Each structure stands twice: as C-alpha cells, then as structure tokens.
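A.B. asks: Submitted below is the structure of interest, expressed as structure tokens.
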DNA sequence: CTGAAAGCGCTTACAG
DNA sequence: CTGAAAGCGCTTACAG
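Residue numbers (UniProt numbering), protein chains in the order written: chain A, 1 to 358; chain B, 1 to 358.
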C-alpha cells in the first residue's frame, strides 16, 4: 500500500473504535445515524474522534454506499459573469446540503463537455449541466447513467431549470417603443442557443406588436469584442436601439458607440441581459435580470431532491427574469441627428471592422 | 447495498474478468500497467471491457491506492474576475494533466475555508488555496495533512505562487508623476491582505521617490460599491489620482467620479489591477496585469509536480505583473480646477456617503 | 442499543 | 507474464 503522497497517516474508524472502546460499527453510526445510539455513546465517540482529529473518509463511504456526496457542475465558461454567478449559487447550495462540487469548464466546446461528463461520472451522484453545447442524443446518453439537471435548454423528460427572460425582453421593447424608438435590433449569439433564440423571438414579437422594425444580428461567441464589432452594422442598419443577448455584449456595444463619439442613451439606447455587471458599467445598463445565482441553486435542489426518488428528475422549473431600468435607455434621438447612420467626424474607431457580422 | 440513486448497474472488473477469461488482477493491469502484460492479453481485455462498457471505478481505485486523481481549488469569491480567471487557468491545467477539480468558494470567510479544506481532504490529492483568509497556524495544519500550494500569501516552507504586482504599481506611480500629479492615493482592501499590502508598499515607496504625497485609504471588502464610496474621501483629501487594489474597485471609483460630474482622466486619473475587466470598462482602465490564469495554472503545476517527490512542494514561484496603459490616466488637472475638491453643481450623487472610509 | 462480519471495486506485493 | 489473496476504510443487514 502506497500512501497518498506527502501525507501523514490519517486516523481511521478503527483507531477511534479502539480508543473509545466500542466497535467500528458504533463509530460509524455515531456519525451517520446517531439516533440509533444512546446519547452517551454518541458523545463518547464524537469526543474521542475530535480528540484524534478523525473525519469519516468520504471515499471509503462512497465505495460502500454507492453515494459519493458529490455533484459536478459543467458549464461553458466560468469567466462569463452569468456562469460565475450561477456557479456561486450552485456551489453554495450544494455545500449547504452537504455536497461537494466538481467544476468542469468546457470552454464552449461540446467535445470537452462530453469528456468531462464521462470522466466525472463515477465520482458524482449527479450533474448540473448549464447551457450545454452538446447535442441532444449525447446529453440523453449521459442522463441515462446519472441524474442530470440542465439549465437553459429545453429537453423533454430531463430535469431542467429555465430562466425565462422573454417577459423582460418584451418589457424592454415596450420601454423603447414608449421612448419613441422605431427601429431596433436584437444582437444574439449562438452561445446560449436556447436563451438567445428565446430572446430573439420575444424581441421580434414585441417589436411587431408595437409596430417597430426589428433587425436580427448575430455576434458570434458572446464577448465584449463581438459587441463592439457589431456597432458598425447596427449604425448602418439605421436602428436607434439594440437589445443584446447579455450584458457583456451590451457593454461591448456601448464601447463601440463611445469609440465613434456616440453617447448612450443620448444617441443610442442599449439593453443587456443577466444583470450581474449591469450596475457597474458606464452608463449603468438597463438589463433583464436572469437570476443567475437562483438558477444555480434551484438546479442543485432539483437534482438533490431527485436523489430521494426512484426516477430521475424530469420536471422543469421556470424562473422569470424581470427588466431592471437603469441609464442606458432614453428617448430616441431626433430623426435628423441619425439620418445617415454615419459616425460623426471625430470617430475614434481604429479598425474599419470588417467582421461586424461574422 | 443500496445503489446510487437513479443509476443503472455499472459493469465491474469482475464481470470483465469472467467474460475475458482472465483474473481481476489482469483486468486491472490492462488499464493501469499494460506494459506488464502481453499485447494480446491487453487487447483481449480492453476489447471485452469496451464491449461491456466497463470503466474503472475511480472511487474504488482511490480507496485502494490512496490517490484520488482530484485536486481542490479553494478561493474567496468566484464572482470576482481575478478568481474566476484564476480558476479557469487552474481547472484547464488540471484537466490537461488528468486531474479533476473540486471548487470551494469560501465567501471571503476563514471559517468556511477551514470547513471546505477539512471536508474535501479525503477526496483530493492536494489543494490550491488562493488568497487564503485563514490564519497561518490553520493553513499549516492543513498543509501538514495534504499538499497545499497557496496563491498570493507568503508562507515560508509552503509551496506558493506569488503574483508580484509591485513593479507594475511602481511603474504606475512613475506614470502619474510624469503626468504632473502631486498628490495620489492608494485604495486598498483587507481582502487580499498580502496583495494589498504589497501594493500599498510599492505605491508608498514610489510616491516618496517621486516626491508625491500619498494617502492610504481602506475600502473594506473589495467591491464596486466600496470603490464608489471612497470617492468623497478621495476628493476631500485633495488627490488627483487613485491606484486601486483591483479593477473592480477602480471601476467603482470611476463610477463615483462620474456621479459627481467629474471626468476620467480629465479631472482625475485612476489605475486598477488584475487586467481582466480593465479593457471593458469606460474609459478603459490603466491596470497592472496580474496574470490570473497563469497563476492558477502554475499553482496546479507546482502542486502536481510535488506529488512525485517525497516532500510537499515548498518553493515559491513568482510571476511579475506589468503595467498596461489605457485611457483612465492622463495629465493632472490644472490646480485651480480642483482647488476645493468640492463636486461641481450638477452632482449626481444620491447619497452623501457616510461610509466612505468604513 | 451494540457488535461481528461481509462486502463495496479496485490494486499490488507475493508466488509461480 | 499471470493469478490468488489481502487490504484500502467505510456501511449495513443480521444477530443478540
């Protein structure tokens, strides 16, 4: 038996049993089912355990019971504020309920997602899979082996938490219409296909209802740069307001506008989504709150609650995101001031941005 | 034996051995030490394993070998861009080297940090502990049980990765001095005591070297609000530039200035640190690059390389952060324009900010 | 209420 | 090169 590297031997249940003058079974029960023991016994055992620095070995327990006490959270990009907030909520909730959390960052790739799911399977009791990039059959394959709860993906028969931002986007379009905007754009990204599609649809429908013209723009992977690169296209399209798939892209759009000497909301209005960084941008973004942390916590609850049932979790849990109005939305500029969509003379744009519609 | 909830029975080594007509030992070796077997045997075993869908059970392997193939990353706040970038680098590197990563968010508390370290100990081969809040004796206690690499904390005899931002801050002070600033402030936070202390010292020394007056301000927990709340104090102190412990605080300072109708860098210069969000703020922040992702990856390497040695990692690995100049720093305003430090008439500050120096 | 014993699924000296 | 067997540290029917 090699011992774990660089490690002092840890006290085991056996040592505690000896020292306390009881059997291993009793020590075990003192930790896992103390109600089966007399309070005196429990106290004695726990006391000597504490004195020896004994902690039940989760690995051994897992092998014996088949339950690991772990879950894994797989997501496309921890650096994205939506996911880091989600992770925070998920990890905290898991900890609260006695579970430890593995983290897997798939770097926005389906392949890595698949690998992560496979490698971690034996070490967890279930997965929370946020905004999966994996195709449906593969997700179902994994879900057949281990309980899975997905976030922001519609998969009948698999437990899921859906953040419904459609009402928020609908409200945002209403806000813009009320402010006099007549031509708006939705800037989406394939990243969160389900989320982005949902938002695009809400904007399109609400736009129609208000008699607005709505342009659809695809920004590619959602990022600050992608948002900035859209701006030329937005201006060329002659819109006066843009709703972005998330706040990162929205902030990029504002940066692109600023580079061209355009002010927000004076010359152009911008709406974001997620509401994590929205309060910290300049100007603070009007944004649809996506309740990220709550989505993470709810997914964990759904997963953990499912462990008690024979069948895996299967229902869907919908969270509604509401519009938070800040300073990036304002009255439509006077028609003449935006007639051509041409940037003013003092444009600061360094690149002619060939990739505005990549 | 209860089975893991909602799970189909998984094939074990025993079944594979039967089907392949070999012993369990041979199956085991086919996976872990195939060089001990004839190629034919290996092929036969791996073939039937594949056919049966057998995958070695990591938990059983861990119990037997004492090596889990897991590490844990403990940090104060995943929502902070510094840590999410760090985590990204650490997780990717661990994955590359065949390790899975547990995530523990201590919510900036020493107590949770201690709990996390204890709970996870049996399930990991080692820890990466970023900017620990725990006091030294407790860190050493944990480090005595499992290999630990700390990030941004000076602990003799424990493996550590230190991001040395002092040169960057020194350069930033030089930049400001060159731009004509005579009175500057360092806005620190207890959060990352080691980091913040290091930065404070660098600013103080460089300030003295350049003949500047340097005010030290404590912002409390590093956050956007904390930064904003500092502004009144900064203006009252009569400084024309501030260097913040990180970009989040720096962005908050810029927001507080904007609320008072002051422009950056026209009326006031701001420098941040970390350089994750710095390029996305408005205006883009001059910032000291902290190489977050690299720090995370290096810490993982240091930890994993240590597993091969008898003694735990003990050296320190220093990464140097360099100054990145963007648009938040500019010439000192003309003396008269900032004489009183009183905000202009059209101040937008809603609150009189009683807690500017909490 | 408590204990003796089998078993969870692997790995690894020890033989051959 | 391969196998029989002990052991990793727990948990849990089964007795008492």
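Even for Gly, the Cβ is constructed at its ideal location relative to N, Cα and C. Just so you know, these numbers come straight off a predicted model, no measurement behind them.
Can you list, in chain order, the residues of the segment 64-89 of chain A whose Cβ is nearer than 7 Å to any Cβ on chain B?
C.D. replies: 65, 66, 67, 68, 78, 79, 84, 85, 87, 88
A.B. asks: Less than 9 Å between CB atoms is the rule here; does residue 134 of chain B satisfy it with respect to chain A?
C.D. replies: no
A.B. asks: Using CA atoms only, rank isn't needed, just tell me which of A/226, A/242, A/220 is closest to residue 207 of chain A.
C.D. replies: A/242
A.B. asks: Measure from the alpha carbon of residue 92 of chain A to the alpha carbon of each residue in A/38, A/296, A/322, A/216, then state which is nearest.
C.D. replies: A/296
A.B. asks: Within its chain, find whatever has a CB closer than 8 Å to the CB of residue 12 of chain B; leave out the 5 residues flanking it on each side and keep chain order.
C.D. replies: 54, 57
A.B. asks: Buried or exposed for residue 39 of chain A, going by 16 or more other Cβ atoms inside 10 Å?
C.D. replies: exposed
A.B. asks: Which residues mark the beginning and the end of the beta strand (DSSP E) in which residue 77 of chain B is found?
C.D. replies: Here residue 77 of chain B belongs to no beta strand (DSSP E), and DSSP marks it neither H nor E.
A.B. asks: Decide if residue 135 of chain B is buried, meaning its Cβ has at least 16 other Cβ atoms within 10 Å, or exposed.
C.D. replies: exposed
A.B. asks: For the ligand ATP, I want to know if residue 157 of chain B counts as a neighbour, meaning its beta carbon is within less than 8 Å of at least one of the ligand's heavy atoms.
C.D. replies: As for the ligand ATP, it is missing from this structure, which has no ligand bound.
A.B. asks: Three or more C-beta pairs closer than 8 Å, one from the segment 297-311 of chain B and one from the segment 274-281 of chain B: is that the case here?
C.D. replies: no
A.B. asks: Out of curiosity, what's the CA-to-CA distance linking residue 23 of chain A and residue 17 of chain A?
C.D. replies: 5 Å
A.B. asks: Anything in chain B within Cβ reach of residue 57 of chain A, meaning under 7 Å, just list it in chain order.
C.D. replies: 122
A.B. asks: If you follow the alpha helix (DSSP H) that residue 142 of chain B is in, where does it begin and where does it stop?
C.D. replies: Taken as a continuous stretch (DSSP letters only), the alpha helix (DSSP H) holding residue 142 of chain B covers 136-145.
A.B. asks: Looking only at its chain, what residues have a beta carbon closer than 8 Å to the beta carbon of residue 102 of chain A, apart from the 5 residues adjacent to it on each side?
C.D. replies: Annotation for residue 102 of chain A: 70, 71, 72, 73, 120, 123, 124 place their beta carbon closer than 8 Å to its own, counting only its chain and skipping 5 residues before and after.
A.B. asks: Taking residue 224 of chain A as the query, report the chain B residues whose CB atoms sit under 8 Å from its CB, ordered along the chain.
C.D. replies: 279, 280
A.B. asks: Could you pull the DSSP bridge partners for residue 242 of chain A from this structure?
C.D. replies: Beta-bridge pairing links residue 242 of chain A to A/185, A/270.
A.B. asks: When you compare each of A/221, A/283, A/50 to residue 20 of chain A by their alpha carbons, which one comes out closest?
C.D. replies: Per the Cα distances, A/50.
A.B. asks: Hey, quick one: how far does the alpha helix (DSSP H) through residue 176 of chain B stretch, first residue to last?
C.D. replies: 166-178
A.B. asks: I'd like the ranges of any beta strand (DSSP E) spanning at least 3 consecutive residues and lying wholly in the segment 192-271 of chain A.
C.D. replies: 213-218, 241-244
A.B. asks: Where does residue 11 of chain A sit, in a helix, a strand or coil, going by DSSP?
C.D. replies: coil
A.B. asks: What's the C-alpha gap between residue 265 of chain A and residue 178 of chain A?
C.D. replies: 14 Å
A.B. asks: Answer yes if the segment 107-120 of chain B comes into contact with the segment 320-329 of chain B, meaning at least three C-beta pairs across the two stretches below 8 Å, and no otherwise.
C.D. replies: No, because fewer than three Cβ pairs between the segment 320-329 of chain B and the segment 107-120 of chain B fall closer than 8 Å, the two stretches do not touch.
A.B. asks: Between the segment 134-164 of chain B and chain A, which residues of the former have a C-beta closer than 8 Å to a C-beta of the latter?
C.D. replies: 144, 145, 146, 147
A.B. asks: For residue 91 of chain A, go through chain B and note every residue whose CB falls closer than 7 Å to its CB, in chain order.
C.D. replies: 103, 105
A.B. asks: Compare the C-alpha of residue 280 of chain B against each of B/328, B/147, B/267, B/215 and name the closest.
C.D. replies: B/328
A.B. asks: Could you check what DSSP says for residue 160 of chain B in three-state terms: helix, strand or coil?
C.D. replies: DSSP, reduced to helix, strand and coil, places residue 160 of chain B within a strand of the structure shown.
A.B. asks: So residue 251 of chain A contacts chain B; which residues on that side make the cut at Cβ distance below 9 Å?
C.D. replies: 280, 281, 282
A.B. asks: Evaluate contact between the segment 133-149 of chain A and the segment 164-182 of chain A, counting only Cβ atoms and requiring at least three cross-stretch pairs below 8 Å.
C.D. replies: no
A.B. asks: Helix, strand or coil, according to DSSP, for residue 125 of chain B in the structure here?
C.D. replies: Three-state DSSP puts residue 125 of chain B in coil, outside helix and strand.
A.B. asks: When Cβ atoms are compared, which residues of the segment 250-272 of chain B fall closer than 8 Å to chain A?
C.D. replies: 251, 252, 254, 255, 258
A.B. asks: Going by C-alpha to C-alpha distance, which of A/33, A/218, A/210, A/263 sits closest to residue 186 of chain A?
C.D. replies: A/218
A.B. asks: Rounded to whole angstroms, what is the Cα-Cα separation between residue 224 of chain A and residue 193 of chain A?
C.D. replies: 18 Å
A.B. asks: Give me the residue from A/209, A/159, A/246, A/232 with the minimum Cα distance to residue 195 of chain A.
C.D. replies: Out of A/209, A/159, A/246, A/232, A/246 has the C-alpha closest to the C-alpha of residue 195 of chain A.
A.B. asks: Using only the alpha-carbon positions, how far apart do residue 325 of chain A and residue 269 of chain A sit?
C.D. replies: 12 Å
A.B. asks: Identify, in the order they occur along the chain, each residue of the same chain with its Cβ nearer than 7 Å to the Cβ of residue 133 of chain B, setting aside the five sequence neighbours on each side.
C.D. replies: 76, 106, 108, 109, 110, 113
A.B. asks: Comparing C-alpha positions only, which one of B/15, B/30, B/81 sits nearest to residue 290 of chain B?
C.D. replies: B/81
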